[in-house]
Every structure is written in structure tokens, then in C-alpha cells.
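Peer 1: Protein chains in written order, with the UniProt record's numbering: chain F, 1 to 238; chain G, 1 to 307. All C-beta atoms, glycine included, are put in the ideal place defined by N, C-alpha and C. This structure is in C-alpha cells; I'll ask about it shortly.
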Amino acid sequence: MIRKIMVWAGVVMLGACLCSAEVWKAPDQEKAKERAKELVPFVDAVKDDCKVLRRVCLLDKGIDIKDVETTYFHLESPIIKAREDHYGPVRFAHKRHAALIGDCTACHHYRPKDESMSETTRCSACHQEAFKADNPQRLGLKAAFHQQCMACHKQEAKGPVNCTGCHLKNVPDHKELVKLPDDADPFQVTAECRRCHDAQAEDMLTTAHWLWKGPSPFTVKHRKDIQHGKGTTALNNY
Amino acid sequence: MNINRRGFFKVMGAAGATAMTPAAGARAWESAAPPDAFGCLVDLTRCIGCRKCEEACNRVNGLPAPEISFDDPTVLDTRRRPHEKSYTVVNRYFPGTLDTHDQLVPTFVKLQCMHCQDPACASACIVGALTKKENGSVYYDVGKCIGCRYCMVACPFEIPAYEYHDPVTPRVMKCTFCFERISKENGLPGCAQICPVEAITFGRRDTVMALAKQRLKDNPGKYVNHIYGEKEVGGTSWIYISSEPFEDLGFPSLPDRPTPKLAETIQHGLFSYLWSPILLFGVLGGIMRRNEKKNVHGKDKEARHDA
Chain F
1 MIRKIMVWAG VVMLGACLCS AEVWKAPDQE KAKERAKELV PFVDAVKDDC
51 KVLRRVCLLD KGIDIKDVET TYFHLESPII KAREDHYGPV RFAHKRHAAL
101 IGDCTACHHY RPKDESMSET TRCSACHQEA FKADNPQRLG LKAAFHQQCM
151 ACHKQEAKGP VNCTGCHLKN VPDHKELVKL PDDADPFQVT AECRRCHDAQ
201 AEDMLTTAHW LWKGPSPFTV KHRKDIQHGK GTTALNNY
Chain G
1 MNINRRGFFK VMGAAGATAM TPAAGARAWE SAAPPDAFGC LVDLTRCIGC
51 RKCEEACNRV NGLPAPEISF DDPTVLDTRR RPHEKSYTVV NRYFPGTLDT
101 HDQLVPTFVK LQCMHCQDPA CASACIVGAL TKKENGSVYY DVGKCIGCRY
151 CMVACPFEIP AYEYHDPVTP RVMKCTFCFE RISKENGLPG CAQICPVEAI
201 TFGRRDTVMA LAKQRLKDNP GKYVNHIYGE KEVGGTSWIY ISSEPFEDLG
251 FPSLPDRPTP KLAETIQHGL FSYLWSPILL FGVLGGIMRR NEKKNVHGKD
301 KEARHDA
């Protein structure tokens, strides 16, 4: 009986999926992607304020967290991609960082000399191509991101400081990498995967995915069970 | 021709003096550093030891894959030197500074060919396989190299390596300053392009030198007051600034005198206008003539005696 219901439920859900032609996309994600592609004119001259002056200036104008318009950014740019492309974008929770730090000047450290421009311009207005001959002291965008994020994460002993802590690595095209005969058996496939991902395979052998039992810190009411899983107490549902 | 001893020295002395006077004036050693060369400034306070420069160098130069992955930080536990399979290496030093948690602060040092303004390797090379190019790189031409490895002995930084494992077509291997890449418009060396924190700043040597001086001036107390490579061995295209003394970071203490200066001065001085061979063979000729005369006189005496 249960099996019959499950099969029918599966059929209905599959049908629902096929009917809805439009795939749902996270609106803020799409907005962030679009924003990351934008190129803005280069700001050559900045107002040379010290850190304290800068804070006072923002305080005077009453600019603080309530003025944060964009909650979420993708930290990437065509400027960076044109040179090197090994990692995916960093997904940066702008408003969350603003709320945690409570000081806009931690990142918005200078303002453009042109008074008509925004007090808190985006990073890529001042930081663009690296090693500009006429402006050698100005950091490029990539270095500005890394220096800003990593210095703060180190100083606060909070947040990742390694590459994959913030980025996902670009996945290389496996069509070229995987070498298998046409009628490969399961053992050959596993061996081929392990040719490069041997450490991951070894790691997997110690997890509940392989052992079917282990601690379950995230399973409600079973958080303290160290022998939990399909191999022991949990139902084997397939 | 009748010439006595005094006369001979007079003539030879005058000849020697005339040969040497213009030689000393025109052939004084001059630096052959290109005027508008590229350079790199390495700011050791910025380097985070990620070894991306090693990875990029390996990729852009088509070098063989390393034994241990570039992502493995344990490589930094041992001191390494550039070798025939890697043009650049990053080493970690603990000069003794402690952070706020009483942990030793590491300083990472990228090593590669310094691309000297007056390279000792190019001076030592007997076939001109190594040359200082207009864009600042010390370029190696494998087609000319005969494998004598004088460059390896001459280099004050001990950089050139040799493919000992290849008995048929061995090459001298060292950083190329990405010669082909930087010869193109807006081209960057692989390492400088990938560096995530701009620890390496690429530009004209004058520009990055001014930038280094500016950083020292703008951050009093942050850096040691020394730009390594500004004056060492007559200046190098790659220059370093650091918050730790350079001698604690494995940098050799070298004189400001360009390495080739002494040897080239002596060699070029000796052979300008061929004065030294002329003098040598002149003296030898004089001695021969004198001995011959003596013998003739001796024979005359003997002949008289016989008679």
C-alpha cells in the first residue's frame, strides 16, 4: 500500500516538474550576477581623509547600516576574469558584514574627490586593472578584495582565510579528463574516479555514506546517538 | 739596425704609454643596463605563501607537474631552491616576530632569478647564450648554450639550474621573466598576474623603485629601510621590501659593485688595442735579439781566440 502511494506521488511530482516550464531562480542571486558584470568608470582621484575623519564624515551625513541598499554581492568582475579564471565568485553577504562590523569605513576607506559622487562607492570604481603605469600605487580589484577580506578575517580571527573557504574551484571539463572504455564496468568507473580523487574516496570510507552508521549531530532527537544510521537504528527507506 | 738596451726600453715604454692612455679613457667599465627595463617589486609583508605564483609559473612555462601538489602547504616546512623543474619557489621563514596571540609570524619569500642589471651569468657565458634584453629579462638562448655551466658558478644568487637527468639535450633552467609574455602589449609575468594580493608589482623598474621608496616613506616603522636589489650587485630588476631584516630571510649580503665589473675591467683592459700581447711579444723579441747579439759577440771572441 505504502509503496503504491509513493509511486503515485512520484508520478504526480514528475508531472508537476515537467508542466512548470520556468525554473525558479533566486532573485537576489540573479541580481548579484548582473551587478558583478557591470563596469563603472575609473575614479582616478580620491579624497585623502584619515580613518577618523572618514568616520566623522559618514556620521555627519547620517550614513549607516539602514542605508545599505544591496544585501548580497557576487565578488567577481570581468576585469579579474580577463586575466585569471580559476575560482568561482565569492558570495558576499554585504548587509550581514555591515551589521557585524558596524563601521562602513572598514571597507569604504576613501571617497572620490568628486563631491557629486556617492559617499560609499563600489570597490571596482577605484580598484580595476592592476599595475596601471600612471597609477602604480593603486591596488587592482583582485588584490583589493583579497587584502581587505583576508586582513580583516585574520585580525578578527573570524571568517575563512584560505582559497576554498570563500571560493568554489572552477570544475575542469571532465570530458577530456575521464578515460574509460565504452562498456566500462562499475569497478572500472570507480577506479577511474579514484585516479584523481583518491583522498576523497578514502575520506568517504569513514563516513555514514559508506558505513551506514555514525554520529548524527543534525538529526532531530538523535543528536547524541553515536550509532545512528541505516546500519543500526534508522529505517532503511530504499 | 743598432739598438742598445736603453734605447729599447725608451721605445717600448713610449709604445706602451700611447697604447694605454686612450685605453684607460675610452674603455672604463660601464654598466650595460637597459634604460627602460621592466622590473618587479616584491612586498614580503603582503605575501601570504599561497604558492599560486609557483603554480602559474609551472603552467605558463609548461614545466613538469610537481611531486607534491601546489595546494599542499606542508611543502613550506622545508627550505627549497629553484631547480630545473621549477623556476620559482616560496619559502617560509620565522624571523622571530610574535603576533598578539604569541604565535610566530611567518614571512614568505619568493625566490627566482633576480634579472640583474649587469648579470654575472651573461658576463661569464663564453658563447653569449645568456643576454640582458631591452625589456629587462636575462634571456637564455638554448641554441647557443654549450652546457659549460659557468653561469651557475657565476650567479651570486645561485639561481641557474641544469638538467643533469637529460644526457642528450640538457638545458640551463632559470626564470625567464616570462620574456615572451612581457614583450607583448599589457603582458604580465605569470606569477605577477596570478598573485591574489599583489605581493608582486610589475612595471618599469624606475616606476616600481619609486613605488618601493614611497611605501617605505608612507609606512614609517613598517619596513626595514632597505630595498634589496636597488644596489646589490649593481642593481637587479626584481627588488624586495620587507618588515624583517633581509639577512634573516635567506637573502645573501652582497656588495654594491656589479659582479662582472672587476673581471671585465681586467680582461677588457688587458686586451684593448692588443697592447698587452704587443708588449709581451715586444719584450720577448727584445730579449731574443739581445741574446742573439751576445751569442754573435761570443762567437766572434771564440773565432778570434781560435785564430
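1. Please report how far the alpha carbon of F:Gln148 lies from the alpha carbon of G:Ser69, in whole angstroms.
2. Taking buried to mean at least 16 other C-beta atoms within 10 Å of its own C-beta, is G:His115 buried or exposed?
3. Would you please verify whether the beta carbon of G:Leu63 is less than 8 Å from any beta carbon of chain F?
4. Name the residues in the UniProt domain "4Fe-4S ferredoxin-type" (136-165) of chain G whose C-beta lies less than 7 Å from a C-beta of chain F; which are they?
5. Hey, how far is the Cα of G:Phe179 from the Cα of F:Gln137?
6. Quick check on DSSP: helix, strand or coil for G:Ile159?
7. Beta-carbon separation of G:Arg205 and G:Ile241 under 8 Å?
8. Can you tell me whether G:Pro82 is buried or exposed? The criterion is at least 16 other CB atoms within 10 Å of its CB, across all chains shown.
9. Give the C-beta separation of G:Phe38 and G:Ile200 to the nearest angstrom, bearing in mind that I take them to be a contact with Cβ-Cβ under 8 Å.
10. Could you please give me the residues that DSSP links to F:Arg91 through a beta bridge?
11. Output needed for F:Glu76: all residues of its chain with C-beta closer than 6 Å, excluding positions within five of it in sequence on either side, in chain order.
12. Quick check on G:Trp238: buried or exposed, where buried means 16 or more other Cβ atoms within 10 Å of its Cβ?
13. Starting from G:Thr201, trace the beta strand (DSSP E) in both directions and tell me its first and last residue.
14. Less than 8 Å between CB atoms is the rule here; does F:Glu176 satisfy it with respect to chain G?
15. Within 10 angstroms of the Cβ of G:Ser31, are there 16 or more other Cβ atoms? Answer buried if so, exposed if not.
16. With a Cβ-Cβ cutoff of 8 Å, do G:Ala122 and G:Cys155 count as a contact?
17. With a threshold of 8 Å between beta carbons, is F:Cys104 in contact with chain G?
18. Roughly how many angstroms separate the alpha carbons of G:Cys145 and G:Asp118, rounded to a whole number?
19. Along the chain, which unbroken stretches of the alpha helix (DSSP H) at least 4 residues long are found entirely within the region 83-136 of chain G?
20. Less than 8 Å between the CB atoms is what I'm expecting for F:Glu119 and F:Ile63, so what's the real figure, rounded?
21. Closer than 8 Å, CB to CB, is G:Val208 near chain F or not?
22. Should F:Phe92 be flagged as near chain G, meaning a C-beta pair shorter than 8 Å?
23. Can you tell me the Cβ-Cβ gap for F:His74 and F:Asn170, rounded? I've got them flagged as a contact below 8 Å.
24. Name, please, each residue of chain G whose Cβ falls closer than 7 Å to the Cβ of F:Glu84.
25. Taking buried to mean at least 16 other C-beta atoms within 10 Å of its own C-beta, is G:Val109 buried or exposed?
26. Quick test of your reading: G:Cys212 and G:Ile227, contact by CB under 8 Å. State the CB separation rounded to the nearest angstrom.
27. List, in chain order, every chain G residue whose beta-carbon is nearer than 7 Å to that of F:Ala130.
28. Using only the heavy atoms of the ligand PLP, determine whether one of them is closer than 7 Å to the beta carbon of F:Ser124.
29. Does DSSP put F:His228 in a helix, a strand or coil?
30. Tell me, please, which residues DSSP counts as bridged to G:Arg236.
31. Which residue wins for smallest C-alpha separation from G:Glu158, given the options G:Met173, G:Asp166, G:Pro167?
32. If you check the beta carbons only, do G:Tyr93 and G:Pro106 fall under 8 Å apart?
33. Just the chain F side, please: which residues come within less than 9 Å of G:Gly229 by C-beta, in chain order?
34. Pick out whichever of G:Val60, G:Ile278, G:Gln267, G:Pro95 has its Cα sitting closest to the Cα of G:Asp248.
35. Are there 16 or more other CB atoms within 10 angstroms of the CB of G:Gly25, so buried, or fewer, so exposed?
36. Please state the DSSP three-state secondary structure of G:Pro189.
Peer 2: This is what the structure gives:
1. 27 Å
2. buried
3. no
4. none
5. 24 Å
6. coil
7. no
8. buried
9. G:Phe38 to G:Ile200, Cβ: 12 Å. No contact.
10. F:His74
11. Ala36, Pro89
12. buried
13. 200-204
14. no
15. exposed
16. no
17. no
18. 19 Å
19. 120-124
20. 6 Å
21. yes
22. no
23. So it is not a contact: roughly 15 Å between Cβ atoms.
24. Gln193, Ile194
25. buried
26. Note that residue 212 of chain G is Ala in the sequence shown, not Cys. About 5 Å; that satisfies the 8 Å criterion.
27. Glu198
28. As presented, the structure is devoid of all ligands, the ligand PLP included, so that no description of it is given.
29. strand
30. The question names Arg, yet the displayed sequence has Thr at residue 236 of chain G. In the DSSP output, where bridge partners are listed per residue, G:Thr236 has G:Cys116.
31. G:Met173
32. yes
33. In chain order: nothing, as chain F lies at least about 17 Å away.
34. G:Pro95
35. Confidence at G:Gly25 is low in this model, with a pLDDT of 46, below 50, so the placement of that residue should be treated as unreliable; the coordinate-derived value is given next. Burial call: exposed.
36. coil
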